[in-house]
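Peer 1:
In the numbering used here, the protein residues as written are 13 to 387.
1) Helix or strand or just coil, what does DSSP make of residue 58?
2) Using 10 angstroms around the beta-carbon of residue 387, count the other beta-carbons present and answer buried if the total reaches 16, otherwise exposed.
3) Assuming contact is defined by CB atoms lying nearer than 8 Å, are residue 307 and residue 41 in contact in what I supplied?
4) Leaving out five residues before and five after residue 371 in sequence, what residues of the same chain have Cβ atoms less than 8 Å from its Cβ?
5) Could you check which residue in 263, 253, 318 and 210 has the C-alpha nearest to that of residue 244?
6) Mapping DSSP to helix, strand and coil, what is residue 382?
7) Buried or exposed: where does residue 101 fall if 16 or more other Cβ atoms within 10 Å of its Cβ makes it buried?
8) Does the beta-carbon distance from residue 59 to residue 72 come in below 8 Å?
9) Apart from the five residues just before and just after residue 348, which ones in its own chain have a Cβ nearer than 6 Å to its Cβ?
10) I'd like to confirm the pairing. Which residues does DSSP put opposite residue 257 in its beta bridges?
11) Using the Cα positions of residue 106 and residue 222, report the straight-line distance between them to the nearest angstrom.
12) Starting from residue 217 and walking both ways along the alpha helix (DSSP H), at which residues does that stretch end?
13) Name the residue from 37, 14 and 135 whose alpha carbon lies nearest to the alpha carbon of residue 359.
14) So, are the CB atoms of residue 284 and residue 13 less than 8 Å apart?
15) Please state whether the Cβ-Cβ distance between residue 337 and residue 27 is less than 8 Å.
16) Would residue 58 count as contacting chain E if we go by Cβ distances under 8 Å?
17) Just checking, does the stretch 144-153 make contact with the stretch 76-96 on the three C-beta pairs under 8 Å criterion?
18) On the CB-based measure, 16 or more other CB atoms within 10 Å of its CB, does residue 187 come out buried or exposed?
19) If you follow the beta strand (DSSP E) that residue 309 is part of, which residue opens it and which one closes it?
20) With distance defined between alpha-carbon atoms, name the residue in 198, 57 and 241 nearest to residue 368.
21) State the DSSP-derived secondary structure class of residue 26, mapped to helix, strand or coil.
22) Could you please give the first and the last residue of the uninterrupted beta strand (DSSP E) stretch that includes residue 41?
23) Given residue 31, which residues of its chain have a CB within under 6 Å of its CB, disregarding the five upstream and five downstream residues?
24) Applying the 10 Å Cβ sphere with the 16-neighbour rule, what's the burial state of residue 376?
25) With DSSP collapsed to three states, give me the class of residue 143.
26) Hey, residue 322 and residue 139 are a contact pair by Cβ (cut 8 Å); roughly how many whole angstroms apart?
27) Enumerate in chain order the residues of its own chain whose CB-to-CB distance from residue 131 is below 7 Å, with the five nearest sequence positions on each side excluded.
28) For residue 175, which beta-bridge partners are listed by DSSP?
29) Going by the CB atoms, is the gap between residue 329 and residue 33 shorter than 8 Å?
30) Does residue 214 pass the burial test, meaning 16 or more other C-beta atoms within 10 Å, or should it be called exposed?
31) Counting only the same chain and skipping the five closest in sequence on each side, list residues whose C-beta sits under 7 Å from that of residue 248.
32) Report the CB separation of residue 280 from residue 114 in whole angstroms; it is logged as a contact under 8 Å.
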């Protein structure tokens with residue numbers, strides 16, 4: 013395939029309610045969408061998961077826009093590619109970082125290859141599941157009672173795993189309240205988004221008594237050594253998210269014992285090719301993986317659903333239905349949940365169609381790269 017045109021679009025989607033984690037709160041999601049078209053007329057949409065602020069990673073929507081326009085698009089436009097995995101190598105050569113920008117293009121090319129082949133994206137990736145289990149991520153709430161109410165509602169709705177965001181001052185009492193209310197069998201985990209240090213070890217050890225599936229990313233995002241020390245002090249498995257930015261980092265985690273579970277976000281890893289390598293590494297070492305979310309629209313969710321259909325994604329991911337976050341999503345049909353699962357599309361490409369008129373209505377800026385450029 014030969015990519016002929018890339019259209020960048022920024023849209024704004026209002027969340028149903030604010031989503032708060034230890035590093036900040038999101039009320040409206042600025043989203044970067046890409047339209048990719050090849051020389052034969054095939055086209056597909058993709059999404060860059062970078063946020064508005066550099067509080068999850070160093071990347072933002074604006075840095076990604078610049079990186080795609082100035083460095084990455086020129087490497088792909090007009091180039092014959094027999095394999096979408098080749099695109100990742102081409103984009104990474106000589107350029108450090110900007111993984112989310114790279115992933116938006118690389119993952120889009122995987123989807124484009126699926127469209128051209130008339131196959132579902134999940135099948136192209138090697139997926140084996142017809143449906144995936146769904147978890148929910150609950151942001152930091154104003155009180156233990158408020159969090160308990162939200163968690164109980166999620167369990168009643170059928171979610172297979174409930175993630176509770178925590179931070180110092182909003183942790184032990186909150187999680188204890190939820191555990192007490194929901195019972196010992198409720199599938200709970202917590203996510204700290206780097207909010208603690210090793211000085212909090214004794215405090216975090218108290219989470220061991222609560223029967224959690226995992227504690228996600230408690231320490232600094234680049235620190236594997238201290239995560240290894242903390243894991244030795246805890247019975248509860250640590251799951252690493254922000255720390256795992258490459259296959260090498262996953263190898264280091266396993267070698268150091270810095271965690272026992274990995275949250276695979278393809279945007280964080282630079283695309284599908286590296287995500288598949290991490291998936292296979294973890295399968296060989298008996299390390300379970302699951303697919304995290306980045307408040308994606310239905311477009312980004314399609315890519316996550318396809319990836320989560322692979323065999324070693326053995327834990328429910330943060331891939332909630334459209335109505336969890338958006339009053340109106342930008343895809344048709346919208347993503348829905350049945351009995352705690354989402355169906356993996358069996359139709360070619362992403363399995364959903366973009367509501368183009370609605371996207372145009374939401375667009376605040378656009379730029380075309382390729383045979384012609386416009387603003």
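Beta carbons: idealized from backbone N, C-alpha and C, even for Gly.
Peer 2: So, from the data block:
1) Strand.
2) Low local confidence applies: a pLDDT of 37 at residue 387 is under 50, so the model's placement there is unreliable, and no value is given.
3) Yes.
4) 21, 23, 45 and 342, listed in sequence order.
5) Scanning 263, 253, 318 and 210 for the CA closest to the CA of residue 244 turns up 210.
6) In the three-state reduction of the DSSP assignment, residue 382 falls in the strand class, which pools E and B.
7) Around the beta carbon of residue 101, fewer than 16 other beta carbons sit within 10 angstroms, so the residue counts as exposed.
8) With contacts defined as CB atoms closer than 8 Å, residue 59 and residue 72 fail to qualify as a contacting pair.
9) Result list for residue 348: 333, in chain order.
10) The bridge partners DSSP lists for residue 257 come to none.
11) Rounded to whole angstroms, the gap between the alpha carbons of residue 106 and residue 222 is 46 Å.
12) For residue 217, the enclosing alpha helix (DSSP H) starts and ends at 213-217.
13) Residue 135 is the option with its Cα nearest to residue 359.
14) Residue 284 places its beta carbon 8 Å or farther from that of residue 13.
15) Yes, Cβ-Cβ distance for residue 337 and residue 27 is below 8 Å.
16) Within the model displayed, chain E is absent; a lone protein chain is all it includes.
17) Contact between the stretch 144-153 and the stretch 76-96 is absent, because fewer than three Cβ pairs lie under 8 Å.
18) With 16 or more Cβ atoms within 10 Å of its Cβ, residue 187 is classed as buried.
19) Counting along the chain, residue 309 sits inside no beta strand (DSSP E), nor does DSSP assign it H or E at all.
20) If we check each option's Cα against that of residue 368, 57 comes out closest.
21) In the structure shown, residue 26 sits in a strand (DSSP, three-state: E or B).
22) From DSSP, the beta strand (DSSP E) with residue 41 extends over 36-50.
23) 38 and 151.
24) Exposed.
25) Residue 143: strand per DSSP, three-state reduction.
26) Right, their Cβ atoms sit about 5 Å apart.
27) Sequence-distant partners of residue 131 (beyond 5 residues in either direction) whose C-beta falls short of 7 Å from its own C-beta, in its chain, are 360.
28) Checking the DSSP bridge columns, you'll see residue 175 partnered with 149 and 201.
29) Cβ distance not < 8 Å, so residue 33 and residue 329 don't count as in contact.
30) Classification of residue 214: exposed, given that the 10 Å Cβ count is below 16.
31) Excluding residues within five positions, the ones whose Cβ falls inside 7 Å are 219, 220, 224, 226 and 227.
32) No, residue 280 and residue 114 are not in contact; Cβ-Cβ is about 11 Å, not under 8 Å.
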